[in-house]
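A.B. asks:
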Amino acid sequence: MPSSVATTPAVTLPPDYLERTYAGVLGKLIGVYLGRPFEGWTHQRIMAELGPIKYYVHEQLNVPCVVTDDDVSGTFAFVRALEEHDAHSLGSLEIGKTWLNQVVEHKSVFWWGGRGLSTEHTAFLNLKQGIPAPDSGSIKTNGQTVAEQIGAQIFIDGWAMACPGRPELAASLAEAAGRVSHDGESVHAAVLWAAMEAEAYVSSDVDHLINTGLKFIPRDSLIASIVADVRAWVKDDRDWVATRQRIEDTYGYDKFPGHCHVVPNHCIMVMSLLYAENDFTRSMEIVNTSGWDTDCNSGNVGCLMAIMLGMDAFDRPGAPDWRGPIGDRAIISSADNGYSINSAARIATDIVNMGRCLARKAPLPPAKDGAQFHFTLPGSTQGFRVRSSKGSAYQAVDTKRGPALCLELDGPIEVTTPISAPKEYLSMPTTYFLSSSPLVYPGQRLRVALRAGADLSQPVEARIRLQVFYADNNIVPVDSEDFVLLTPGDDELHVLEWTIPQIAHGYPIAEAGVVTTGSSGTVWLDSFGWSGQPDLTISRPNSAPHAASTFWDLQWVQNVSGFFAFPPTTLLIAQDIGEGLVSYGTRDWTDYRVTVSDFVMKLGSPAGVTIRVRGLRRWYALLFSESTEGKYVSLVKALDEQRIELATAEFQWTLDSPYEISLAANGPTITGSVGGVTLTATDEQYVGGAMGFVVTSGSLATGTIRIQSCK
Numbered sequence: 001m002p003s004s005v006a007t008t009p010a011v012t013l014p015p016d017y018l019e020r021t022y023a024g025v026l027g028k029l030i031g032v033y034l035g036r037p038f039e040g041w042t043h044q045r046i047m048a049e050l051g052p053i054k055y056y057v058h059e060q061l062n063v064p065c066v067v068t069d070d071d072v073s074g075t076f077a078f079v080r081a082l083e084e085h086d087a088h089s090l091g092s093l094e095i096g097k098t099w100l101n102q103v104v105e106h107k108s109v110f111w112w113g114g115r116g117l118s119t120e121h122t123a124f125l126n127l128k129q130g131i132p133a134p135d136s137g138s139i140k141t142n143g144q145t146v147a148e149q150i151g152a153q154i155f156i157d158g159w160a161m162a163c164p165g166r167p168e169l170a171a172s173l174a175e176a177a178g179r180v181s182h183d184g185e186s187v188h189a190a191v192l193w194a195a196m197e198a199e200a201y202v203s204s205d206v207d208h209l210i211n212t213g214l215k216f217i218p219r220d221s222l223i224a225s226i227v228a229d230v231r232a233w234v235k236d237d238r239d240w241v242a243t244r245q246r247i248e249d250t251y252g253y254d255k256f257p258g259h260c261h262v263v264p265n266h267c268i269m270v271m272s273l274l275y276a277e278n279d280f281t282r283s284m285e286i287v288n289t290s291g292w293d294t295d296c297n298s299g300n301v302g303c304l305m306a307i308m309l310g311m312d313a314f315d316r317p318g319a320p321d322w323r324g325p326i327g328d329r330a331i332i333s334s335a336d337n338g339y340s341i342n343s344a345a346r347i348a349t350d351i352v353n354m355g356r357c358l359a360r361k362a363p364l365p366p367a368k369d370g371a372q373f374h375f376t377l378p379g380s381t382q383g384f385r386v387r388s389s390k391g392s393a394y395q396a397v398d399t400k401r402g403p404a405l406c407l408e409l410d411g412p413i414e415v416t417t418p419i420s421a422p423k424e425y426l427s428m429p430t431t432y433f434l435s436s437s438p439l440v441y442p443g444q445r446l447r448v449a450l451r452a453g454a455d456l457s458q459p460v461e462a463r464i465r466l467q468v469f470y471a472d473n474n475i476v477p478v479d480s481e482d483f484v485l486l487t488p489g490d491d492e493l494h495v496l497e498w499t500i501p502q503i504a505h506g507y508p509i510a511e512a513g514v515v516t517t518g519s520s521g522t523v524w525l526d527s528f529g530w531s532g533q534p535d536l537t538i539s540r541p542n543s544a545p546h547a548a549s550t551f552w553d554l555q556w557v558q559n560v561s562g563f564f565a566f567p568p569t570t571l572l573i574a575q576d577i578g579e580g581l582v583s584y585g586t587r588d589w590t591d592y593r594v595t596v597s598d599f600v601m602k603l604g605s606p607a608g609v610t611i612r613v614r615g616l617r618r619w620y621a622l623l624f625s626e627s628t629e630g631k632y633v634s635l636v637k638a639l640d641e642q643r644i645e646l647a648t649a650e651f652q653w654t655l656d657s658p659y660e661i662s663l664a665a666n667g668p669t670i671t672g673s674v675g676g677v678t679l680t681a682t683d684e685q686y687v688g689g690a691m692g693f694v695v696t697s698g699s700l701a702t703g704t705i706r707i708q709s710c711k
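Residue numbers for the sequence shown follow full-length UniProt numbering, so the first one is 1 and each next one is one higher.
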């Protein structure tokens, strides 16, 4: 198969494309978060300590349900290569560049087990050292053992969901993506499963799906052989426990080198699909109780089953509440700050728009005037949960307005959704670090739309509520002064808007939502969103009651060797070798200015302030640099491996001297100034993104950081 995808003509997309993709994303999340707590356990240990896996066991094992995990992060970060590059000529080379833009070294996406032990870590180092994909993942470069571990298969779901009913395109994209880090049988497994998932949009015949996948891999491959064996064993045994034992005896972990080979796990996935009989719950029990790489296997099987069955996958009579513990939430730890705290609804919409691009169609129109939380997909709560002791919140269809979040009151109620790293992060497993920034900031304008239900017993006041992290990781509520009064019998939609006030030192907002006074009956939360640019001042909180907290530091994506809290600086960062980046903010930030006081070059160059950051290798910056001809400042555009100077001026900066730097982006115009020197350039590629700092083989310090609108 080629490692690039040829230009394709426009195609017809399934009429239920968005809904099935939403189901597929949910299936992936449910599978991963179900299997994550006992990942790597054998079938025998699972049976002895947990018994058959019929539902979530995270509480038994004292871990949160929604956690950082490589299976979720890689799946939904790497598919964004379709946004970063030309989707119609995408190959391994471009997807490898997205790896370098999205992966925070030693922290985000995958297991950092070392060269030759972790396949993804090995491939990442190859990419970083200039070995391009697909050579970065080849058997020739890394050896067969490293290349044939499970990873290529783990991350394919996003590619398949961008190709509904187009298995040949899904197979090509999955191969191109898989070869960034893997080769051989691992890539064959990825290709087969991606083709099956793409075909699942138009067929629920499992045998047909498997036959479709087999068309795209070599007939003499080991993956083709093991699929034939498993199909035969299922037909003979009619008992998944017996078939699982045959798999262990013939293709078990002890038969293959490495710590997590693709073949044993692929066998379990195929077996689970065949025995499930189009029952999502049954598939989850089989694939998880079977053991080995449970979150990976369960995530792939869950995604395929949910695409195939649609939302009915979770609503079968007698099925447990698969969606409740997750609440639509997802965590994608990557260098795209504002994409880490996420929801199944947002991810599904983004993937559908990628698929529409591949089909040469316009993106979907934004729901409810672009509100970030709109509750329009079936059962979607988008992370909103009740924090008060009474009442409930669930998605339903408001007969007056359509889909919305239904708040059932039994007295006062508080309903919020995570906006930044959740407090549960403190009890998450430490294998995978969370790189993220909050979604909203002081200066931005929140907008909530509410309506009184017909059964509301008495008037209630509703306010916008923020939960803010402060010192010692404590969360403190902050409410809007204004409120809407919802009265019984009032059918009108009431809108409340509130500009988020300043928060001392730039402590992060943990959650956002609505709080009401007491009553009984129903209130409809129609939408919740925000707009505008941030207006805030960030300084290091050094003493009580404004002491540093885990979450103050955690709101910065830190792709550097050192990130420190030494007073009186706000940031003190260091990068041992090469270029490092620290960033803060989201792609919602478009036209804004950053002013940094007491910016100090301590060692090394280039270094400076960045704006409109869209990953580690896509940004604009005002940089201090030097060459054999002298010292200078320049406006620079980072585009993957390129550093393009847009404007330059001589500037005799010195180490250990404080400077005030201003850097602004307003439409296509980028303007930077320092020490009486002003530079201006025009570039239209990056319309929004975070701010931050670049440091190269050295260190820098900053004082107060001011961020405000250019308008």
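From the three backbone atoms N, C-alpha and C, an ideal C-beta is built for every residue, glycine too. Just so it is clear, the structure is predicted and the values come from calculations on it, not from any experiment.
Helix, strand or coil, according to DSSP, for Asp321 in the structure here?
C.D. replies: Locating residue 321 in the sequence shown gives position 321, where the first residue counts as 1. Coil at Asp321, not helix or strand.
A.B. asks: By DSSP's criteria, Asn62 is part of a beta bridge. Which residues make up the other side?
C.D. replies: For the purposes of this step, residue 62 is taken as residue 62 along the sequence shown, with counting starting at 1. Bridge partners of Asn62: none, in fact.
A.B. asks: Do Leu456 and Pro429 have their C-beta atoms closer together than 8 angstroms?
C.D. replies: As a first step, residue 456 is located in the sequence shown; it is residue number 456 there, counting from the start. As a first step, residue 429 is located in the sequence shown; it is residue number 429 there, counting from the start. No.
A.B. asks: Using a Cβ-Cβ cut-off of 6 angstroms (strictly less than) and excluding sequence neighbours within five positions of Val596, which residues of its own chain qualify?
C.D. replies: The residue you call residue 596 lines up with position 596 of the sequence shown. Excluding sequence neighbours, Val596 sits near Val609, Ile661, Thr702, Ile705.
A.B. asks: Given this structure, state the Cα-to-Cα distance separating Asp491 from Pro365, to the nearest angstrom.
C.D. replies: Residue numbering aside, residue 491 sits at position 491 when the sequence shown is read from its first letter. Residue numbering aside, residue 365 sits at position 365 when the sequence shown is read from its first letter. Rounded to whole angstroms, Asp491 to Pro365 spans 26 angstroms at the Cα level.
A.B. asks: So, under 8 angstroms CB-CB, Val206 and Met271 are touching, yes? Tell me the CB distance rounded to an integer number of Å.
C.D. replies: Taking the first residue of the sequence shown as position 1, residue 206 is located at position 206. Taking the first residue of the sequence shown as position 1, residue 271 is located at position 271. 12 angstroms between Cβ atoms; not a contact.
A.B. asks: Go ahead and label Ser699 buried or exposed: buried means 16 or more other beta carbons lie within 10 angstroms of its beta carbon, across all protein chains shown.
C.D. replies: Numbered from its first residue, the sequence shown carries residue 699 at position 699. So Ser699 counts as buried.
A.B. asks: For Thr590, tell me which candidate among Val468, Ser203, Gly532, Leu639 has the shortest Cα-Cα distance.
C.D. replies: By one-based count along the sequence shown, residue 590 stands at place 590. Looking at the Cα atoms, Gly532 is the closest of the given residues.
A.B. asks: State the CB to CB distance for the pair Glu120 and Asn101, rounded to an integer number of angstroms; the pair is presumed to be in contact (CB under 8 angstroms).
C.D. replies: Counting from one through the sequence shown, the residue named residue 120 turns up at place 120. Counting from one through the sequence shown, the residue named residue 101 turns up at place 101. Their Cβ separation, rounded to whole angstroms, is 15 angstroms, which puts Glu120 and Asn101 out of contact at 8 angstroms.
A.B. asks: Is there contact between the region 40-47 and the region 345-362, where contact requires at least three CB pairs shorter than 8 angstroms?
C.D. replies: As far as the Cβ criterion goes, the region 40-47 does not touch the region 345-362, which means the pair count is below three.
A.B. asks: For the region 365-376 and the region 459-479, state whether three or more C-beta atom pairs, one from each stretch, are separated by less than 8 angstroms.
C.D. replies: No, because fewer than three Cβ pairs between the region 365-376 and the region 459-479 fall closer than 8 angstroms, the two stretches do not touch.
A.B. asks: For Phe563 versus Asp553, is the C-beta spacing smaller than 8 angstroms?
C.D. replies: Locating residue 563 in the sequence shown gives position 563, where the first residue counts as 1. Locating residue 553 in the sequence shown gives position 553, where the first residue counts as 1. Contact: yes.
A.B. asks: On the DSSP bridge assignment, give the partners of Gln558 in chain order.
C.D. replies: Within the sequence shown, residue 558 is the residue found at index 558, counting from 1. Partner(s): Val582.
A.B. asks: Comparing C-alpha positions only, which one of Lys637, Pro325, Val25 sits nearest to Gly383?
C.D. replies: The residue labelled residue 383 in the question sits at position 383 within the sequence shown. The candidate whose alpha carbon is nearest that of Gly383 is Pro325.
A.B. asks: Rounded to whole angstroms, what is the Cα-Cα separation between Ala313 and Thr281?
C.D. replies: Reading the sequence shown from its first residue, position 313 is the one you call residue 313. Reading the sequence shown from its first residue, position 281 is the one you call residue 281. When rounded, the distance between both Cα atoms is 8 angstroms.
A.B. asks: Quick one: give me the first and last residue of the beta strand (DSSP E) that Asp71 is part of.
C.D. replies: Here the question's residue 71 lines up with position 71 in the sequence shown. That residue, Asp71, is in no beta strand (DSSP E); its alpha helix (DSSP H) goes 70-78.
A.B. asks: Just to confirm my understanding: we take Gly184, look at its own chain, exclude 5 residues before and 5 after, and list those with CB closer than 8 angstroms. What are they?
C.D. replies: Translated into the one-based positions of the sequence shown, residue 184 becomes position 184. Within the same chain, Gly184 has close Cβ partners Ile139, Gln144, Ala147, Glu148.
A.B. asks: Is it right to say Arg115 is buried, meaning 16 or more other beta carbons lie within 10 angstroms of its own, or is it exposed?
C.D. replies: Counted from its first residue, the sequence shown places residue 115 at position 115. Arg115 is exposed by the Cβ-count criterion.
A.B. asks: Examine the Cβ distances between the region 213-232 and the region 120-131 and report whether three or more of them are shorter than 8 angstroms.
C.D. replies: Verdict: no, contact absent.
A.B. asks: Within a Cβ cutoff of 7 angstroms, which residues of the same chain sit near Ile347, ignoring the five residues on either side of it in sequence?
C.D. replies: Translated into the one-based positions of the sequence shown, residue 347 becomes position 347. Only Val25, Phe76, Ala330 meet the Cβ criterion.
A.B. asks: Would a C-beta distance cut-off of 8 angstroms place Gly630 and Glu650 closer than the cut-off?
C.D. replies: Position 630 of the sequence shown holds residue 630. Position 650 of the sequence shown holds residue 650. Yes; because the gap between Cβ atoms is below 8 angstroms, this pair is in contact.
A.B. asks: What number of angstroms, rounded off, separates the C-alpha of Thr586 from the C-alpha of Gly676?
C.D. replies: Against the sequence shown, residue 586 aligns to sequence position 586. Against the sequence shown, residue 676 aligns to sequence position 676. Using only the alpha carbons, I get a separation of about 30 angstroms.
A.B. asks: Please say whether Val180 and Ser333 have beta carbons closer to each other than 8 angstroms?
C.D. replies: Position 333 of the sequence shown, counted from the first residue, corresponds to residue 333. Position 180 of the sequence shown, counted from the first residue, corresponds to residue 180. Cβ distance not < 8 angstroms, so Ser333 and Val180 don't count as in contact.
A.B. asks: With three or more beta-carbon pairs closer than 8 angstroms as the criterion, would you say the region 470-484 touches the region 404-412?
C.D. replies: Judged by Cβ distances under 8 angstroms, the region 470-484 makes no contact with the region 404-412, as fewer than three pairs qualify.
A.B. asks: Shortest alpha-carbon distance to Val227 belongs to which of Ala242, Ala123, His188?
C.D. replies: The sequence position of residue 227 within the sequence shown is 227, counting from 1. Per the Cα distances, His188.
A.B. asks: Compare the C-alpha of Cys303 against each of Trp193, Leu222, Thr243, Tyr632 and name the closest.
C.D. replies: On the sequence shown, position 303 is the one that residue 303 refers to. Measuring from the Cα of Cys303, the nearest candidate turns out to be Trp193.
A.B. asks: Which same chain residues, not among the five before or five after Thr250, have their C-beta less than 8 angstroms away from its C-beta?
C.D. replies: Numbered from its first residue, the sequence shown carries residue 250 at position 250. For Thr250, where only same-chain residues beyond five positions count, the Cβ hits under 8 angstroms are Asp229.
A.B. asks: When we look at the beta-carbon of Ser283 and count the other beta-carbons within 10 Å, is it buried (16 or more) or exposed?
C.D. replies: On the sequence shown, residue 283 is found 283 positions in, with the first residue counted as 1. So Ser283 counts as buried.
A.B. asks: Taking the CB atoms as reference points, tell me whether Gln652 and Pro534 lie closer together than 8 angstroms.
C.D. replies: Taking the sequence shown and counting its residues from 1, one reaches residue 652 at position 652. Taking the sequence shown and counting its residues from 1, one reaches residue 534 at position 534. Cβ atoms of Gln652 and Pro534: not closer than 8 angstroms.
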